[in-house]
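Trainee: This is the structure, below, for whatever I ask next.
2 protein chains.
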Amino acid sequence: MPKQVDHDERRRRISLALWRIAAARGLESVSMREVAAEAGMSIGLVQHYFAAKDDMLAFTARHLRERIEERVRQSVAALPRAAGPRHTLRAVLTALLPLDPGSRDETLVGVALFIRALNDPGTAALYRHGRAGLTSAVTRLLRAAGHVAPAEAELTAETLLALTDGLASDLLLGHHSPAQALRVLDHHLDMVVPASPV
Amino acid sequence: MPKQVDHDERRRRISLALWRIAAARGLESVSMREVAAEAGMSIGLVQHYFAAKDDMLAFTARHLRERIEERVRQSVAALPRAAGPRHTLRAVLTALLPLDPGSRDETLVGVALFIRALNDPGTAALYRHGRAGLTSAVTRLLRAAGHVAPAEAELTAETLLALTDGLASDLLLGHHSPAQALRVLDHHLDMVVPASPV
DNA sequence: CCTTTCACCATACGATCATATGATAAAAAT
DNA sequence: ATTTTTATCATATGATCGTATGGTGAAAGG
């Protein structure tokens, strides 16, 4: 056998090339040839790791999801140890916004893959499941933050997440600057959770 | 000359075929051949009305926008004559949500074209302009509805529009039913504008 | 040592794409 | 009546696509 290589590392590398292309020129510009060129590989090698283009896109979607989860985790971990649930909540939501070029690219590719998923019931179900998980996490945080009406916590969570999603679009479009988007988010958070947690 | 035909009507017919395909199978499945087949025309005839595929997509984006404006107008016009600004506001926002199969298709294609626009600065500027217009319209309605803090009306408008946008995504995904989405929207409207207008 | 395994490559194949070209027929313009 | 214009069509062209195929060289296993 030859040098024995880390398959998953190679796939991630290819996946990264894919989404550099997708972020810069759109998902429609993603082809095996373009990806291979961007990754500095031969087409055959890309085929060796992804038998079909769809596999490549599916892997990229999973990869993207891991990155976003990691960003959320780091955003929460960066909080001072004494930070209450309200700060945690804010850390989670801001981690979902495309506030810098890196996360902008991720969001861009994420939205493109999202639309693609809508035409495929199976993939759509995965997205729905992830979205439902987010809702329950935010609901828990709201309850912990002493949300005024615990019975309405889930409704408030849905509102927050939909708002965050909409702000992400506005950021992508350039309708909002990062500062403006945060202003909108914070203003709404102020309405919804007590300013100083017990 | 032959029968002299309404060019714009023909273009709209082609555009409709395009977006039936895009809604059902994604923008990536839209090709001159597919559109021609769906519209029941020859490829050559489609070319006669749209010299390039990009023209076809650009026209479809304008067409879509007109339809959405028309939906908003009708939604407002359907209100009882005595309806106050708060009802008008709600009519505008719900008209932007994909609550039935027809508007679902429109939203689906709209989002796909939106992402495409992000890779083209000129088109993105058009979308930004439209989005800004929405903001000022909603801001006016909020002020008219006796929004508690007039100075914050614009901030509230941005919140409402981002929320609506996020709810649209949730509806497309099937995370929310129409009734659930309206519950979220109404709950937020209750927080933000006085229940009974003067 | 030799055989198997695996990373990697070059190229071929058939399909599909956007677009170009040239023809036909009918109706308006002259 | 003839010319011009325009709607419509069939087909060609050259590029690009996803994927299949047949290799090569190196390293591990026997």
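Those protein sequence lines, which keep their order, are chains P and D.
Each residue of the first sequence is one higher than the one before, starting from 1 at the first, in my numbering.
Each residue of the second sequence is one higher than the one before, starting from 1001 at the first, in my numbering.
Note that beta-carbon positions come from the ideal geometry of N, C-alpha and C, so glycine has one too.
#1: DSSP state of residue 87 of chain P, grouped into three classes?
#2: Evaluate residue 1086 of chain D with the Cβ neighbour count: other Cβ atoms within 10 Å of its Cβ, from every protein chain shown; 16 or more gives buried, anything less gives exposed.
#3: Which residues in chain P have a C-beta closer than 7 Å to the C-beta of residue 1111 of chain D? List them in chain order.
#4: Taking only beta-carbon atoms, is residue 1165 of chain D less than 8 Å away from chain P?
#5: Check each candidate in D:1176, D:1162, D:1012 and D:1059 and name the one with the smallest Cα separation from residue 154 of chain P.
#6: Please give the ranges of any alpha helix (DSSP H) in the region 96 to 183 of chain P, keeping only runs that are unbroken, at least 4 residues long and fully inside the region.
#7: Residue 15 of chain P lies in the alpha helix (DSSP H); which residues open and close that run?
#8: Show which residues of chain P have a CB atom less than 7 Å away from the CB atom of residue 1028 of chain D.
#9: For residue 95 of chain P, decide whether its Cβ has a neighbour in chain D, counting only Cβ atoms nearer than 8 Å.
#10: Could one say the Cβ of residue 55 of chain P lies closer than 8 Å to chain D's Cβ atoms, at least one of them?
#11: Return the residues of the region 167 to 195 of chain P that lie within a Cβ-Cβ distance of less than 9 Å from chain D, sorted by chain order.
#12: Along chain D, in chain order, which residues have C-beta atoms closer than 7 Å to that of residue 158 of chain P?
#13: Please work out which residues of its chain come closer than 8 Å, Cβ to Cβ, to residue 1172 of chain D, disregarding the five sequence neighbours upstream and downstream, and give them in chain order.
#14: When you check each C-beta in the region 123 to 139 of chain P against every C-beta of chain D, which residues fall closer than 9 Å?
#15: Residue 43 of chain P: which of P:33, P:52 and P:49 sits nearest, CA to CA?
#16: Less than 8 Å between the beta carbons of residue 1113 of chain D and residue 1064 of chain D, yes or no?
#17: In this structure, does DSSP put residue 192 of chain P in helix, strand or coil?
#18: Would DSSP call residue 33 of chain P helix, strand or coil?
#19: Just verifying my parser: in three-state terms, what is the DSSP assignment at residue 1047 of chain D?
#20: Which class does residue 1061 of chain D belong to by DSSP, given the choice of helix, strand or coil?
#21: Within its chain, find whatever has a CB closer than 7 Å to the CB of residue 1067 of chain D; leave out the 5 residues flanking it on each side and keep chain order.
#22: So with Cβ pairs under 8 Å, would you call residue 201 of chain P a contact of chain D?
#23: Residues of chain D with CB closer than 7 Å to the CB of residue 162 of chain P, please, in chain order.
#24: For residue 79 of chain P, which residues in chain D fall below 7 Å Cβ to Cβ?
#25: Taking C-alpha atoms, which residue in D:1083, D:1056 and D:1091 lies nearest to residue 1072 of chain D?
#26: In whole angstroms, what separates the C-alpha of residue 129 of chain P from that of residue 19 of chain P?
#27: If the criterion is Cβ atoms closer than 8 Å, does the pair residue 51 of chain P and residue 13 of chain P meet it?
#28: Taking 8 Å as the threshold (beta carbon to beta carbon), is residue 1018 of chain D in contact with chain P?
#29: In angstroms, rounded to a whole number, what distance separates the CA positions of residue 1123 of chain D and residue 1169 of chain D?
#30: Kindly list the residues whose CB is nearer than 7 Å to the CB of residue 1010 of chain D, restricted to its own chain and excluding five residues on each side of it in sequence; keep chain order.
#31: Should residue 15 of chain P go down as buried or exposed, given a rule of 16 or more other Cβ atoms within 10 Å for buried?
#32: Residue 78 of chain P to residue 95 of chain P, Cα distance in whole Å?
#33: May I ask you to report which of helix, strand or coil DSSP gives residue 285 of chain P?
#34: Name the chain D residues that come within less than 9 Å of residue 25 of chain P, Cβ to Cβ?
Mentor: Checking against the coordinates, here is how it stands:
#1: helix
#2: buried
#3: 115
#4: yes
#5: D:1176
#6: 101 to 118, 121 to 144 and 153 to 173
#7: 7 to 25
#8: 28
#9: no
#10: no
#11: 167, 168, 169, 170, 172, 173, 174, 175, 176, 180, 181, 183, 184, 185, 187, 188, 191 and 192
#12: 1184
#13: 1098, 1104, 1107, 1108 and 1111
#14: 124, 125, 127, 128, 131, 132 and 135
#15: P:33
#16: yes
#17: helix
#18: helix
#19: helix
#20: helix
#21: 1106
#22: The requested residue 201 of chain P is not part of the displayed model; chain P covers only 1 to 198.
#23: 1163, 1166, 1167, 1170 and 1184
#24: Residues of chain D passing the Cβ test: none, with the nearest at roughly 24 Å.
#25: D:1091
#26: 23 Å
#27: no
#28: no
#29: 22 Å
#30: 1049
#31: buried
#32: 11 Å
#33: Nothing about residue 285 of chain P can be reported from this structure: the residues present for chain P run from 1 to 198 only.
#34: 1119
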